[in-house]
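Reviewing the structure listed below.
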Amino acid sequence: MERPKLGEFLVARGLLSEEQLSRALELQQRSGERLGRILLALGYVRRQELYQALSQLWGFPFVLLTEERPDPKLLRRWPLEEALRHRAIPLRLRQDGTLLVAVSDAPSPTLESALKAHLGVVNPLYLVTTEWDVDWAIREFYRKPLLDQSVYALYYRSPEESAYTVFTPGQYLALAAGLLGTLLGLYLWPRETLILLNLLVNAFFFASVAFKFAVSLAGALAERHTPVTEEEVRALKEEELPTYTVLVPVYREANVVGLLMRNLAGLDYPKEKLEILVLIEEDDPETLEAAKAARPPANVQFVIIPNGQPKTKPKACNVGLLFARGEYLVIYDAEDQPEPDQLKKALVAFRKGPEHRVCVQAALNYFNWKENFLTRMFTLEYSYWFDYLLPGLDRLGLPIPLGGTSNHFKTEKLRELGGWDPFNVTEDADLGIRAAMRGYTVGVVNSTTYEEANNHVGNWIRQRSRWIKGYMQTALVHSRKPLRLVKQVGIRQFLAFFLLIAGTPLTFLLSPLLWGLFLLWLLTGTQALEPYFPPFVLYLSLFNLLLGNALAIYLNMLAAFKRRLYALAPFALLNPVYWILHSVAAYKALFQLFTKPFYWEKTLHGLSKQEAPHLEPTP
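Count the sequence shown with UniProt numbering and you get residues 1 to 619, in order.
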């Protein structure tokens, strides 16, 4: 006798109406997704009811793993990787040699082979449980290996690529040699040494300004390297859309998690193909309760991150990556509001790009740009960065430092890269460089995610000092073996990396020293500094001071016009004032690099008095 189909089985038991089944089958025909996932996404059946029905159809008993505890001895022989790959948990071994195994997917020959290889079992007896139960059991019973994998996987595999070691012995030696050489030069040849230092600093400033202007010019000419049209988005066939995982790391975000659920619900993507993993720290019950109170749909799961150091966003994302089922994956922050069609635009960008494209970066901007001086300057900065600089890097084929959110990845390629470095507090920028080292490319796409701009100076300093510290970490990690890096990526990409990743914090650190001395000499007319400013150094300093700031102002103005934020354009004139805040943050970052290198300073969200607009999907 032929087994009844799932839909008919549920209807026969009164768990589903004929009308609901008809609607679900219509969606299945259009999307190609499994009926069970569609029923859950539509909210037609409860998860436990669905899997109890599957257990009867498959002819296996049903079990709840919260009630049936597995044998720890078996789990020690069943690796975390196998539990995740097969979504299978061995429970206990009977005296007759039968192994009870809980599964949430139909058993496969590869699962039987893995059970035989690790547990020596040839006659398993399967029990059906829910996906939620399996994931809960993995987090509950594999706590130590889960934490170890999410924290140390990259370090174990490639210690030279991990920020776990802040300075190598060679870097300490180079730093000491540089300081001693400078002190010796100041003692023996003070005038010549100061002139040389002055010249080097000014030459570096000139190179940095010229590089960013050239890249921004390329970005302006490119008009974005991967433009995706609305026609291309509409041409996507629903049945061909892959499963997409959304990772949302949250910490102390109880006040904004309700808004998060609303924003994610606005994504224009089939719900049955969308997996949303909200990553919540174990010591943050307030956010968990607020998230539950928001009554999220069935495709939203809460992943509890085991408590342990470092307590960073990349560690949480690594845990999420272990559980991710999607072929593609994107990260959003708690306050993010992506444009509804962003996932589809990213897919088109991947398909239009080269095969070795591993990531597509969407633009970031702010909804509360009118709030005060700080939010206006922040918006100008982001508009320039995402509308000119990153598209320019993309067009020129240079390494792209990713933003901390709205990065879209090919999931398996991301795993191949080792995920994120939990010891690097700008794990995104570091990942972009690691991708370039392995021959992968990062593209940008014409879609925007709107965030909340920092409207308090203290909060801004906390966030910016973390970003600058992360750039310092990334520069240190990838300069450990500079010749190897040149060999891997080429001299052109190496110089771009140096000027952007190492150059950004250096610029902020050196800026107040350079301009302080220059302005002192210029305004007071003191003769004491004249020997250290010979004409050629003076002209270079003047060029950097005037033209460098003029170019920065000009590019920020262009960014304001491109975004049609015309009221922001005059504020570009205040860019030099904004740079003073960067220097303050840079010195704080330098101090923390030596004292608290892995400390993740929490940025407070939900401080804005302006409400984010609700973005509607394009019809």
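Note that the Cβ used here is the ideal one computed from N, Cα and C, for glycine as well.
Please name the residue, chosen from L236, L57, V278, that lies closest to K352 on a Cα-to-Cα basis.
In the sequence shown, residue 352 corresponds to position 352, counting from 1. Taking only the C-alpha atoms, the option nearest K352 is L236.
Using CA atoms only, rank isn't needed, just tell me which of L147, G181, R37, G404 is closest to A334.
Within the sequence shown, residue 334 is the residue found at index 334, counting from 1. The residue with the shortest Cα to Cα distance from A334 is G404.
Using only the alpha-carbon positions, how far apart do E240 and V45 sit?
Your numbering for residue 240 matches position 240 in the sequence shown. Your numbering for residue 45 matches position 45 in the sequence shown. Each residue's Cα considered, the two are about 25 Å apart.
On the DSSP bridge assignment, give the partners of R357 in chain order.
One-based indexing of the sequence shown puts residue 357 at position 357. Note: R357 sits in a beta bridge opposite T441.
I need the DSSP call for S150, collapsed to helix, strand or coil.
Within the sequence shown, numbered from 1, the residue matching residue 150 stands at position 150. Residue state, collapsed to three classes: helix.
Any chance you could list the beta strand (DSSP E) runs of at least 3 consecutive residues sitting entirely within the region 87-120, in chain order?
Segments of the beta strand (DSSP E) lying fully in the region 87-120: 88-93, 99-103.
Buried or exposed for residue 643, please, with buried defined as at least 16 other CB atoms from any protein chain shown within 10 angstroms of its CB.
The shown model of the chain, from 1 to 619, leaves out residue 643, and the question about it has no answer.
State yes or no: is the beta carbon of V248 nearer than 8 Å to at least one beta carbon in chain B?
Included in the structure is just one protein chain, with no chain B present.
Count the other CB atoms within 10 Å of the CB of E26; is the residue buried (16 or more) or exposed (fewer)?
Residue mapping note: residue 26 aligns to position 26 of the sequence shown, counting from 1. Classification of E26: exposed, given that the 10 Å Cβ count is below 16.
Between the region 374-387 and the region 453-461, can you find at least three pairs of beta-carbon atoms closer than 8 Å?
As far as the Cβ criterion goes, the region 453-461 touches the region 374-387, which means the pair count is three or higher.
Spatial neighbours of C359 within its chain, please: C-beta separation below 7 Å, excluding the five flanking residues on both sides.
The residue you call residue 359 lines up with position 359 of the sequence shown. The residues are L402, N407, H408, F409, A435, V442.
On a CA-only basis, which of L288, V444, R47 is nearest A349? Give me that one, please.
By one-based count along the sequence shown, residue 349 stands at place 349. The shortest Cα separation from A349 among L288, V444, R47 belongs to V444.
Can you give the beta carbon distance from D283 to N307, rounded, assuming they're within the 8 Å contact cut?
Taking the sequence shown and counting its residues from 1, the one referred to as residue 283 is at position 283. Taking the sequence shown and counting its residues from 1, the one referred to as residue 307 is at position 307. The pair is a contact, with the Cβ atoms about 5 Å apart (cut-off 8 Å).
In angstroms with no decimal places, state the Cα-to-Cα distance between Y532 and M557.
In the sequence shown, counting from the first residue as 1, residue 532 sits at position 532. In the sequence shown, counting from the first residue as 1, residue 557 sits at position 557. Whole-angstrom Cα-Cα distance: 35 Å.
Can you tell me the Cβ-Cβ gap for A298 and V257, rounded? I've got them flagged as a contact below 8 Å.
On the sequence shown, residue 298 is found 298 positions in, with the first residue counted as 1. On the sequence shown, residue 257 is found 257 positions in, with the first residue counted as 1. A298 to V257, Cβ: 17 Å. No contact.
State the DSSP-derived secondary structure class of A453, mapped to helix, strand or coil.
Position 453 of the sequence shown, counted from the first residue, corresponds to residue 453. Reduced to three states, the DSSP call for A453 is coil.
Could you check whether P270 and S31 sit closer than 8 Å to each other, using their CB atoms as the reference points?
Residue mapping note: residue 31 aligns to position 31 of the sequence shown, counting from 1. Residue mapping note: residue 270 aligns to position 270 of the sequence shown, counting from 1. Yes, the Cβ-Cβ distance between S31 and P270 is below 8 Å.
How would you label F423, buried or exposed, when you count the other beta carbons within 10 angstroms and need 16 or more for buried?
Within the sequence shown, numbered from 1, the residue matching residue 423 stands at position 423. Buried is the call here.
If we ignore side chains and look at the alpha-carbon of each, how far apart do Y388 and T129 end up?
Numbered from 1 along the sequence shown, position 388 holds the residue referred to as residue 388. Numbered from 1 along the sequence shown, position 129 holds the residue referred to as residue 129. So the two alpha carbons sit approximately 50 Å from each other.
Please work out which residues of its chain come closer than 6 Å, Cβ to Cβ, to A362, disregarding the five sequence neighbours upstream and downstream, and give them in chain order.
Position 362 of the sequence shown, counted from the first residue, corresponds to residue 362. Excluding residues within five positions, the ones whose Cβ falls inside 6 Å are Q342, S406, V445, S447, T449.
Grouping DSSP H, G and I as helix and E and B as strand, with all else coil, what is K481?
Working through the sequence shown from its first residue, we reach residue 481 at position 481. Three-state DSSP puts K481 in coil, outside helix and strand.
CB-CB under 8 Å to L485, same chain, minus the five flanking residues each way: which ones, in chain order?
As a working mapping, residue 485 is identified with position 485 in the sequence shown. Excluding sequence neighbours, L485 sits near M437, H478, S479, F494, F497.
In three-state DSSP terms, what is P391?
For the purposes of this step, residue 391 is identified with residue 391 of the sequence shown, where counting begins at 1. Helix, per DSSP.
Identify every residue that forms a DSSP beta bridge with A362.
As a position in the sequence shown, residue 362 is number 362, starting the count at 1. According to DSSP, which records beta bridges pairwise, A362 is partnered with V445.
Relative to the alpha-carbon of F378, which residue among L509, L517, D428, A572 has its alpha-carbon at the smallest distance?
Reading the sequence shown from its first residue, position 378 is the one you call residue 378. That would be A572, whose Cα lies nearest to the Cα of F378.
Between the Cα of S511 and the Cα atoms of L546, W579, Q463, R563, which residue gives the shortest distance?
Counted from its first residue, the sequence shown places residue 511 at position 511. Comparing Cα positions, the closest option is W579.
Which residues in the same chain as R139 place their Cβ atom closer than 8 Å to its Cβ, once the five residues preceding and following it in sequence are excluded?
On the sequence shown, residue 139 is found 139 positions in, with the first residue counted as 1. Closer than 8 Å at Cβ, skipping near neighbours: L146, V303, I304, P306.
Can you give the Cα-Cα distance for Q149 and T182, rounded to whole angstroms?
In the sequence shown, the residue the question calls residue 149 occupies position 149. In the sequence shown, the residue the question calls residue 182 occupies position 182. If I take the Cα positions, the gap works out to 43 Å.
Give a yes or no on contact between the region 36-45 and the region 64-73, applying the rule of three or more CB pairs nearer than 8 Å.
Contact fails: fewer than three Cβ-Cβ distances are below 8 Å.
Just to confirm, are A207 and L499 a CB contact at a threshold of 8 Å?
Numbered from 1 along the sequence shown, position 207 holds the residue referred to as residue 207. Numbered from 1 along the sequence shown, position 499 holds the residue referred to as residue 499. Going by C-beta atoms, A207 is nearer than 8 Å to L499.
Below 8 Å on the Cβ atoms is my contact criterion, and I expect N549 with P570 to pass it. Report the Cβ-Cβ distance as a whole number of Å.
Numbered from its first residue, the sequence shown carries residue 549 at position 549. Numbered from its first residue, the sequence shown carries residue 570 at position 570. Wrong, their Cβ atoms sit about 15 Å apart, outside the cutoff.
From which residue to which residue does the beta strand (DSSP E) around T411 run?
For the purposes of this step, residue 411 is identified with residue 411 of the sequence shown, where counting begins at 1. Not the beta strand (DSSP E): T411 falls in the alpha helix (DSSP H), residues 411-416.
Quick one: give me the first and last residue of the beta strand (DSSP E) that Y126 is part of.
Taking the sequence shown and counting its residues from 1, the one referred to as residue 126 is at position 126. Counting along the chain, the beta strand (DSSP E) containing Y126 begins and ends at 124-128.
What is the residue span of the beta strand (DSSP E) that Q301 lies within?
Translated into the one-based positions of the sequence shown, residue 301 becomes position 301. That run of the beta strand (DSSP E) goes 300-305.
Identify, in the order they occur along the chain, each residue of the same chain with its Cβ nearer than 6 Å to the Cβ of L93, setting aside the five sequence neighbours on each side.
The residue labelled residue 93 in the question sits at position 93 within the sequence shown. Result list for L93: L99, in chain order.
Output the distance between the C-alpha atoms of L506 and P79, rounded to the nearest integer angstrom.
The residue given as residue 506 occupies position 506 in the sequence shown. The residue given as residue 79 occupies position 79 in the sequence shown. Whole-angstrom Cα-Cα distance: 45 Å.
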